[in-house]
Amino acid sequence: MSKYLVPVLEVAEDDLYIESTSARSLTEAQTRLMNKLLRKWGIEDVPADWDDFILIASSNDYFVGEIRDVEEF
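See below:
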């Protein structure tokens, strides 16, 4: 398993942080992060994919950056 990191900005809370998850692939990491963040934010829209998730998040004043494998650092 690899550890994946993604920067997140919550505009209303003026909070910038790095969210992380462990997964076997980038696709699995995206799914885990989408589920985790949507639950945290109370958003009930179900995204079709990562790009749709980014659009849903930004329309609710949450901005999600690019996912990176910690090995890239």
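The numbering of the sequence shown is my numbering, which starts it at 1 and goes up by one. No residue lacks a Cβ here, since even glycine has one placed at the ideal position from N, Cα and C.
- For residue 28, the enclosing alpha helix (DSSP H) begins and ends at 26–41.
- With a beta-carbon spacing of about 7 Å, residue 71 and residue 2 fall inside the 8 Å limit used to define contacts.
- Taking C-alpha positions only, residue 56 is separated from residue 35 by approximately 13 Å.
- Judged by DSSP secondary structure, residue 18 falls outside any alpha helix (DSSP H) and instead within the beta strand (DSSP E) spanning 15–23.
- Counting only residues of its own chain and dropping the five nearest sequence neighbours on each side, residue 18 has a CB closer than 6 Å to the CB of 5 and 7.
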